[in-house]
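This report concerns only the one structure given below.
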Ligand code: 7TS
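Residue numbers (my numbering): 102 to 497.
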């Protein structure tokens with residue numbers, strides 16, 4: 102059996118999405134900027150896709166959605182343009198983010214620090230989310246931007262985005278949210294929540310890889326990251342990824358169809374898996390299951406090295422993740438586990454399981470069986486199981 106439980110890394114493209122994209126690879130493959138029919142024939146489909154994105158995000162006509170190659174690009178763009186437009190030659194020099202952002206935010210902030218920008222990385226509580234009063238206490242008249250994710254990719258924990266946006270508005274500070282793990286998973290209404298900039302990526306909601314976007318409230322001006330042929334109204338140059346954009350629009354529309362019933366099915370399966378895991382001794386799941394997206398579990402299995410578990414599950418056809426970047430020379434501990442204050446040898450025991458609406462009950466039952474035997478086997482050969490602290494003894 103093959104079981105894919107790494108949907109926070111990427112998702113299968115929905116076959117209905119792929120079918121809509123296909124003609125734009127092999128029939129209507131013209132460059133939309135060209136004047137001939139090959140080019141102009143793409144215009145209606147592109148317009149429809151952009152409209153699907155506006156509807157899917159509940160964006161206003163006054164707002165702008167600019168297509169990028171991925172959320173990494175969207176995050177780089179917004180942070181670097183804030184530097185060009187609001188920090189360089191201005192009186193502001195401060196950005197606030199969190200310790201648990203995706204590396205595309207953290208690494209860009211580290212780069213901006215080398216240019217003299219002051220960055221505050223907010224701590225998170227035991228559930229892995231920020232406390233809003235801590236954010237409030239760090240905003241000063243030098244703060245140019247607050248950049249806080251909507252949903253954490255490792256835990257699935259949903260951040261208090263409405264409250265955060267209200268704090269930013271009250272302080273007159275721009276607010277960006279990396280919503281990669283929120284779009285297509287929970288309702289997004291950008292008419293109701295006041296967010297200046299929002300990043301998203303099609304391959305996280307059953308769309309294609311290599312296409313994403315940046316929502317820009319009231320179409321406010323931003324220095325482009327990519328200069329060139331003035332595509333997307335001069336905001337982002339580069340020939341448009343026509344099949345990708347069409348796929349992203351379709352995927353967002355489909356993800357919202359029967360949202361509640363799809364989410365309640367995913368949650369039922371996720372909760373079954375979680376309940377079975379919690380029957381094991383010495384396990385800890387980060388964050389309350391009702392405060393998470395319905396598809397994610399980040400669990401620490403005491404004495405079980407995360408990478409060893411991934412190998413063991415993979416041998417049985419099951420794809421999961423440790424939620425941490427794995428470098429060839431050393432094993433990194435899970436950054437959220439670090440941020441919530443877990444002891445190092447517990448932070449190395451993280452296992453992320455992320456489902457989608459394509460996940461079946463048979464797959465979950467099979468995973469429970471294989472996971473249980475893997476835990477027993479790996480604990481039997483573990484040198485740390487007997488002396489590693491339990492969660493209640495850890496720094497938490
Ligand atoms: N932001 C978040 C919150 C993410 O989860 C990811 C990808 C990105 C940005 C980058 O998106 P991309 O469009 O550039 O691919 N996250 C993961 C993950 O959790 N495991 O693998 C990739």
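We put the CB at the ideal spot given by N, CA and C, even for glycine.
This one's a predicted model, so the numbers in the text were calculated from it and none came from an experiment.
Count the other CB atoms within 10 Å of the CB of residue i; is the residue buried (16 or more) or exposed (fewer)?
i           : result
residue 276 : buried
residue 403 : buried
residue 448 : buried
residue 453 : buried
residue 380 : exposed
residue 428 : At residue 428 the pLDDT is 41, less than 50, meaning the model places this residue with poor confidence and gives no usable figure here.
residue 102 : exposed
residue 144 : exposed
residue 211 : exposed
residue 171 : buried
residue 455 : buried
residue 120 : exposed
residue 335 : exposed
residue 255 : buried
residue 175 : buried
residue 216 : exposed
residue 358 : exposed
residue 330 : exposed
residue 293 : exposed
residue 396 : buried
residue 362 : exposed
residue 117 : exposed
residue 413 : buried
residue 328 : exposed
residue 205 : buried
residue 127 : exposed
residue 238 : exposed
Rounded to a whole number of angstroms, what is the C-alpha to C-alpha distance between residue i and residue j?
i           : j           : result
residue 392 : residue 484 : 34 angstroms
residue 462 : residue 389 : 22 angstroms
residue 240 : residue 197 : 8 angstroms
residue 479 : residue 383 : 14 angstroms
residue 464 : residue 253 : 25 angstroms
residue 459 : residue 219 : 43 angstroms
residue 409 : residue 150 : 42 angstroms
residue 312 : residue 341 : 10 angstroms
residue 244 : residue 475 : 48 angstroms
residue 430 : residue 444 : The pLDDT assigned to residue 430 is 49, lower than 50, so where the model puts this residue is not dependable; a value taken from the coordinates is nonetheless given after this. One C-alpha to the other measures close to 21 angstroms.
residue 95  : residue 421 : The structure shown has nothing for residue 95, since the chain only spans 102 to 497.
residue 115 : residue 189 : 43 angstroms
residue 315 : residue 265 : 19 angstroms
residue 457 : residue 108 : 6 angstroms
residue 178 : residue 473 : 44 angstroms
residue 401 : residue 385 : 5 angstroms
residue 180 : residue 134 : 29 angstroms
residue 112 : residue 192 : 43 angstroms
residue 146 : residue 230 : 39 angstroms
residue 233 : residue 202 : 16 angstroms
residue 159 : residue 289 : 7 angstroms
residue 225 : residue 236 : 10 angstroms
residue 310 : residue 214 : 30 angstroms
residue 248 : residue 298 : 9 angstroms
residue 246 : residue 184 : 9 angstroms
residue 291 : residue 161 : 8 angstroms
residue 419 : residue 364 : 22 angstroms
residue 223 : residue 125 : 44 angstroms
residue 257 : residue 394 : 5 angstroms
residue 355 : residue 346 : 14 angstroms
Can you pull the DSSP bridge partners for residue i?
i           : result
residue 335 : BP columns for residue 335 are empty, so no partner.
residue 247 : 197 and 276
residue 221 : 197
residue 259 : 252
residue 315 : 167 and 300
residue 420 : 105
What I want to know is whether the C-beta of residue i ends up closer than 7 angstroms to one or more non-hydrogen atoms of the ligand PLP.
i           : result
residue 342 : Among the ligands in the structure shown, the ligand PLP does not appear; only the ligand 7TS can be found there.
Write down every uninterrupted run of the alpha helix (DSSP H) in the stretch 141-215 whose length is 4 residues or greater and which is fully enclosed by it, in chain order. 144-158, 172-183 and 204-215
Counting only runs that start and end within the stretch 348-408, where is the alpha helix (DSSP H) found for 4 or more residues in a row? 360-379
Could you tell me whether the stretch 253-272 touches the stretch 316-323, where touching means 3 or more Cβ pairs closer than 8 angstroms? no
For the pair the stretch 278-290 and the stretch 144-154, tell me if three or more CB-CB distances fall below 8 angstroms. no
The stretch 366-380 / the stretch 131-145 touching (three or more Cβ pairs under 8 angstroms): no
Is there contact between the stretch 291-303 and the stretch 334-353, where contact requires at least three CB pairs shorter than 8 angstroms? yes
Stretch-stretch touch, CB-based, cutoff 8 angstroms, three pairs: the stretch 401-421 with the stretch 257-265: no
Restricting to runs no shorter than 4 residues, where is the alpha helix (DSSP H) found entirely within the stretch 429-458? 436-440 and 445-448
Is there contact between the stretch 158-167 and the stretch 197-208, where contact requires at least three CB pairs shorter than 8 angstroms? no
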